[in-house]
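First to last, the protein sequences are chains C and A. For the first sequence, the residue numbers in this note's numbering are 1 to 291. For the second sequence, the residue numbers in this note's numbering are 1 to 602. Read through the structure below, which is laid out as structure tokens, and then see the notes.
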Amino acid sequence: MLASVLQVVYNGVLLGGIYALISMGLTLIFGVMNVVNFAHGEFLMISMYMAFWLYHFFGIHPYVSLVLIMPAMFIIGLITQKGLIQRLIEAGHFAQIFATVGLGMVLQNGALFLWTADFRGVYTEIGAHSLNVGGGRLSTSRVLALIAAILVMVGLLVFLKKTRIGLAMRAISQNGRAAWLMGINVNQVYMIAFGIGSLCVGVAGAMLIPVYSVFPTVGSYFVLIAFVVVVLGGMGDIVGAFVSGIIIGLIETVGGYVMAPRLGVLCVFVLFVVILLFMPSGIRVKSRTDS
Amino acid sequence: MVRINSKVYVLFVPISVFILLFPLMVKSPVYLDIFIMFCLLAGLGGAWNIIGGYGGQFSIGHAGFFGIGAYTSTLLYMHYALSPWIGMLIGGGLSAVISVLVFYPFFRLRGVFFTMASLAFAEIMLILSVYWTSVTKGNVGLLILFKPSLGHMMFAEKMSYAYLALFYMALVVGVSVLVKRAKLGSHLHGIREDEDAAESLGVQSARCKSYAMMISSFLAAVGGTVYAQYVQFIDPETLFDVSISVRFALLPIIGGMGTVVGPVIGSAILTPLDTMLRSWLGGAYSGLGFVTYGAVLIVGVLALPEGVMRWVKDNIYPSIESLPDFVWGVRKEKVVHAKKFIVPAAQGSGKSDEALIEIEGATKVYGGLKALDNVSVTVNRGEIVGLIGPNGAGKTTLFNVISGSQKLDGGKITFKKQDITKLTPPHKVCMEGIGRTFQVVKPFPHITVFDNVLVGAWLRMGSAVLAHRTVREILHFVGLEKHQEHFASNLTLADRKRLELARALATAPDLLLLDEVMAGLNPAEIEEIIGIVRRISSEMNVTLFIIEHVMRAVMGLSQRIVVLDYGKLIAEGKPEEIAKDESVIKAYLGEEYLYHAAGSET
Numbered sequence: 001m002l003a004s005v006l007q008v009v010y011n012g013v014l015l016g017g018i019y020a021l022i023s024m025g026l027t028l029i030f031g032v033m034n035v036v037n038f039a040h041g042e043f044l045m046i047s048m049y050m051a052f053w054l055y056h057f058f059g060i061h062p063y064v065s066l067v068l069i070m071p072a073m074f075i076i077g078l079i080t081q082k083g084l085i086q087r088l089i090e091a092g093h094f095a096q097i098f099a100t101v102g103l104g105m106v107l108q109n110g111a112l113f114l115w116t117a118d119f120r121g122v123y124t125e126i127g128a129h130s131l132n133v134g135g136g137r138l139s140t141s142r143v144l145a146l147i148a149a150i151l152v153m154v155g156l157l158v159f160l161k162k163t164r165i166g167l168a169m170r171a172i173s174q175n176g177r178a179a180w181l182m183g184i185n186v187n188q189v190y191m192i193a194f195g196i197g198s199l200c201v202g203v204a205g206a207m208l209i210p211v212y213s214v215f216p217t218v219g220s221y222f223v224l225i226a227f228v229v230v231v232l233g234g235m236g237d238i239v240g241a242f243v244s245g246i247i248i249g250l251i252e253t254v255g256g257y258v259m260a261p262r263l264g265v266l267c268v269f270v271l272f273v274v275i276l277l278f279m280p281s282g283i284r285v286k287s288r289t290d291s
Numbered sequence: 001m002v003r004i005n006s007k008v009y010v011l012f013v014p015i016s017v018f019i020l021l022f023p024l025m026v027k028s029p030v031y032l033d034i035f036i037m038f039c040l041l042a043g044l045g046g047a048w049n050i051i052g053g054y055g056g057q058f059s060i061g062h063a064g065f066f067g068i069g070a071y072t073s074t075l076l077y078m079h080y081a082l083s084p085w086i087g088m089l090i091g092g093g094l095s096a097v098i099s100v101l102v103f104y105p106f107f108r109l110r111g112v113f114f115t116m117a118s119l120a121f122a123e124i125m126l127i128l129s130v131y132w133t134s135v136t137k138g139n140v141g142l143l144i145l146f147k148p149s150l151g152h153m154m155f156a157e158k159m160s161y162a163y164l165a166l167f168y169m170a171l172v173v174g175v176s177v178l179v180k181r182a183k184l185g186s187h188l189h190g191i192r193e194d195e196d197a198a199e200s201l202g203v204q205s206a207r208c209k210s211y212a213m214m215i216s217s218f219l220a221a222v223g224g225t226v227y228a229q230y231v232q233f234i235d236p237e238t239l240f241d242v243s244i245s246v247r248f249a250l251l252p253i254i255g256g257m258g259t260v261v262g263p264v265i266g267s268a269i270l271t272p273l274d275t276m277l278r279s280w281l282g283g284a285y286s287g288l289g290f291v292t293y294g295a296v297l298i299v300g301v302l303a304l305p306e307g308v309m310r311w312v313k314d315n316i317y318p319s320i321e322s323l324p325d326f327v328w329g330v331r332k333e334k335v336v337h338a339k340k341f342i343v344p345a346a347q348g349s350g351k352s353d354e355a356l357i358e359i360e361g362a363t364k365v366y367g368g369l370k371a372l373d374n375v376s377v378t379v380n381r382g383e384i385v386g387l388i389g390p391n392g393a394g395k396t397t398l399f400n401v402i403s404g405s406q407k408l409d410g411g412k413i414t415f416k417k418q419d420i421t422k423l424t425p426p427h428k429v430c431m432e433g434i435g436r437t438f439q440v441v442k443p444f445p446h447i448t449v450f451d452n453v454l455v456g457a458w459l460r461m462g463s464a465v466l467a468h469r470t471v472r473e474i475l476h477f478v479g480l481e482k483h484q485e486h487f488a489s490n491l492t493l494a495d496r497k498r499l500e501l502a503r504a505l506a507t508a509p510d511l512l513l514l515d516e517v518m519a520g521l522n523p524a525e526i527e528e529i530i531g532i533v534r535r536i537s538s539e540m541n542v543t544l545f546i547i548e549h550v551m552r553a554v555m556g557l558s559q560r561i562v563v564l565d566y567g568k569l570i571a572e573g574k575p576e577e578i579a580k581d582e583s584v585i586k587a588y589l590g591e592e593y594l595y596h597a598a599g600s601e602t
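Encoded structure:
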């Protein structure tokens, strides 16, 4: 009994690490630009396909392919920002929602057309490997994803705190117009923010492919979880996203263990409703003022 | 909302006749199939339009309701042999109930949260329908046995389906027209344009959104039944997929969101296009078809954010309107120049000189800053009281706590002898008889001046006739009747200020809070506004509490002036007393001016 409880907690934390990793880019983009990218899940799907094809054709191990996927996703983010989001910054929620939804549809169905609906996975040694800790088993590839989530979080925090562009991003997130008047090239910073947000989801794609198969609609499930994570963590709050990612992972796993595996997801969505009702600013509300 | 004073309506007659006769004229099953899908999708787009277009709540989860409708009627038909006509109503009702249970919590939140929640809703429906195999047979789907008869809502020939789909579309269009003309439509427009301003005019935003959501989800579910009876096969993927929801939203977006015919136009453009793509692409359609949909969505949002209908209104309507008056049924509206206003009559007028509003010890704290520090003010019925003070003195905060958009941290507010301290959503305060304008004007930019004022007028007026009459009177009163058909976004600042006045007056307030209605205007415009404010007091018997920096105006208008500085009440009295008050001069102009003023006086 105790062992299985420990195992459930392990699984929950590791699933949470994956959710946190996926949500980092989304929350960064929202924090800086106040835009919710509804195509975020499709960005994840694209980067998983990248990792898959790099492995399939060139035999590049998914973790090694990170060095290729990260810059590639950064560039895709830049292009999306320059070509699409830039035109919508002033246009309000309506245009932002539907333009990114449209982009998601194009990517998802483009993938369906090009690569069919088949599930494609990568078999790696590490994917099958697991660690024994205190009587429970930890899937090594999931542990690595958790570590990646921590590294991405720390990396983003250092970037925002220590670099000039990071400072500019924090300034813009407070007041874009004022930052613009202070001589910050807001559009350029937006491009970099969107690029980095996409880069983060690129990391997630490469870390996930040893764990999950990729198929065209893989993103639409994960993006919903990412929404819950980002809202619970406080929109734009990077540490909050990490913490809430773990919480959501635990809730889903424990809920699935107590009831039925599939109902774990329902617990998460019920939680989503509760969060939106009672703490729409997220769990770390003290650090931010909304007025 | 929709006033029959336009020749354009004549244009709809031949188009409607054409649509009505189309199934009789066309025998080709291919074209009939396109026609059926055109009607069905136009109806589903119209259902989305009621909450999305009118109310500005962008759902991408309407496939959830569509699927609930299809599954409910189909399961009832298969297991209990219940006629789909009845199953359709049950499915619609179920869908409406679910929509309120699921979405009511989200209506307190704004913008993108609602969209995220709607997406999650449809996704949950998909998960449930896939895994609840004992009922839905999961991904295998449900096959409806083909037994043609009217009672089974299944027909041997496509023409009957064409009229069934047409009936559905007509139902949705009819409901859309009714909603748009009613109070609900007007209030939804207000919510879409500016929820804070709408609340200040007495709009109960959460309730309005719920009603609209119920209507919208009911109609979407009915569409689900019609669809199921037409294709006689349903499975989770074709009912609940996100791309289905997006499709519903896409039609009004392309055709013209928030217009009655927008979804129909959108469907007339996109449905034939869709069928053509399907036949060109063949097997590749499953991917590329939706790629095209996504691309159309992006291009539509970027290039034509207000849809085809906007373009038609701007380019086609004027030339139709300029045609000679050969058409019957065109009614010109008369502007009523009434001396006696129906508006204030709606509110009981009490004795003058008794206290209308009493604020006692009002305190509001932001962190360490006391925006209001134990402020006590009384405004008597029929008075005009000025509220002045330097920037940041707490003037607007005082208005915000009175109007219920912020809560007091201490103190008490009594209005018409009732305690309204805890009365928070602004619409409740407005209902009690307190109207306000905003320092930064908040017109509803994308609807006409007339419709702007109408949002307020519905508060006290039970019927469209009365509400419309009130609007015309008030527009005449503030001098905006020339602009009544213009969009609020096209007005000058002075006219936007008048519009704010008009909108607040339309709610028939006892007390009107005016927050810098003269700021940024030139001297001639200020004179005009002063004139209107005087007449609001004298002709409409509305009590006025005015924040104003234009000294000439506030000194001339006010019978009494209250001065705030750093959240504290520092002076109160007649205008001439205030002008000489040392503490006021010090607060406004600084210490050195005090000596200056004192020197010049001796």
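Even for Gly, the Cβ is constructed at its ideal location relative to N, Cα and C. Source: prediction; values computed, not measured.
Distance, leucine 564/A Cα to lysine 339/A Cα
Note on lysine 339/A: pLDDT 42, under 50, position unreliable in the model; no value is reported.
Would you call the stretch 165 to 185 of chain A in contact with the stretch 56 to 74 of chain A, where contact means no fewer than 3 C-beta pairs closer than 8 Å?
no
Could you give the uninterrupted runs of the alpha helix (DSSP H) lying entirely in the stretch 217 to 257 of chain C, keeping only those of 4 residues or more?
218 to 233
Serine 489/A: first and last residue of the uninterrupted alpha helix (DSSP H) it sits in:
Element bounds for serine 489/A: n/a, residue is neither H nor E.
Which residues bound the beta strand (DSSP E) around glutamate 358/A?
355 to 366
Can you tell me where the alpha helix (DSSP H) with glycine 93/A in it begins and where it stops?
84 to 103
State yes or no: is the beta carbon of glycine 110/C nearer than 8 Å to at least one beta carbon in chain A?
yes
Just checking: is the beta-carbon of isoleucine 275/C within a distance shorter than 8 Å of some beta-carbon in chain A?
no
Taking the beta carbon of asparagine 11/C as the centre, do at least 16 other beta carbons fall within 10 Å, making it buried, or is it exposed?
buried
Can you tell me whether valine 503/A is buried or exposed? The criterion is at least 16 other CB atoms within 10 Å of its CB, across all chains shown.
It is arginine, not valine, that sits at residue 503/A in the sequence shown. Buried, since its Cβ has 16 or more Cβ neighbours within 10 Å.
Any idea what DSSP makes of threonine 424/A, helix, strand or coil?
coil
Between the stretch 172 to 183 of chain C and chain D, which residues of the former have CB atoms less than 7 Å from a CB of the latter, in chain order?
No chain D appears in this structure, whose protein chains are C and A.
Any beta-carbon of chain A closer than 8 Å to the one on glycine 255/C?
no
Interface partners of glutamate 195/A on chain C, CB under 7 Å:
Those within 7 Å of glutamate 195/A in chain C number zero; the least Cβ separation is about 12 Å.
Which one or two residues does DSSP pair with lysine 370/A in a beta bridge?
Val365/A
Less than 8 Å between the beta carbons of methionine 45/C and proline 216/C, yes or no?
yes
Buried or exposed by the 16-neighbour rule on C-beta atoms within 10 Å, applied to histidine 79/A
exposed
For the stretch 447 to 502 of chain A, which segments carrying the alpha helix (DSSP H) assignment without a break, of at least 4 residues, lie completely within its bounds, in sequence order?
449 to 457, 464 to 478
Helix, strand or coil for isoleucine 517/A? Go by DSSP, reduced to three states.
Isoleucine is not the amino acid found at residue 517/A; the sequence shown has valine there. In the structure shown, valine 517/A sits in coil (DSSP, three-state: anything other than H, G, I, E or B).
Tell me which residues of the stretch 57 to 75 of chain A have at least one Cβ-Cβ distance to chain C shorter than 9 Å, keeping chain order.
Phe58, Ile60
Could you run through the stretch 223 to 237 of chain C and flag, in chain order, every residue whose CB is less than 7 Å away from some CB of chain A?
Leu224, Phe227
Local conformation of aspartate 314/A per DSSP, three classes
helix
Spell out whether any CB of chain A is found under 8 Å from the CB atom of valine 106/C.
yes
Against chain C, does isoleucine 253/A count as a neighbour if the rule is that its beta carbon must be under 8 Å from one of theirs?
yes
Under the three-state reduction of DSSP, which class applies to serine 558/A: helix, strand or coil?
coil
Cβ contact (3+ pairs, closer than 8 Å) linking the stretch 517 to 533 of chain A and the stretch 552 to 564 of chain A:
yes
Kindly list, in the order they appear in chain A, the residues whose Cβ is closer than 8 Å to that of phenylalanine 272/C.
Ala117, Ala120
For asparagine 37/C, which three-state DSSP category applies?
coil
Segment contact, 8 Å Cβ cut-off, at least three pairs: the stretch 41 to 58 of chain A with the stretch 213 to 230 of chain A:
yes
Using 8 Å as the limit for Cβ to Cβ distance, is alanine 303/A near chain C?
no
Quick one, which of Ile251/C, Ala260/C, Met259/C, Val258/C has its alpha-carbon nearest phenylalanine 272/C's?
Ile251/C
Terminal residues of the alpha helix (DSSP H) in which threonine 397/A lies
395 to 403
Measure from the C-beta of phenylalanine 262/C to each C-beta in chain A and report whether the shortest distance is under 8 Å.
Phenylalanine is not the amino acid found at residue 262/C; the sequence shown has arginine there. Interface residue, yes.
Glutamate 90/C lies in the alpha helix (DSSP H); which residues open and close that run?
No alpha helix (DSSP H) holds glutamate 90/C; DSSP gives it neither H nor E.
Grab the span of the alpha helix (DSSP H) containing phenylalanine 119/C for me, first residue to last.
Note, phenylalanine 119/C: premise wrong, no alpha helix (DSSP H); not H, not E.
Please state if the CB of serine 220/C and the CB of leucine 232/C are separated by a distance shorter than 8 Å.
no
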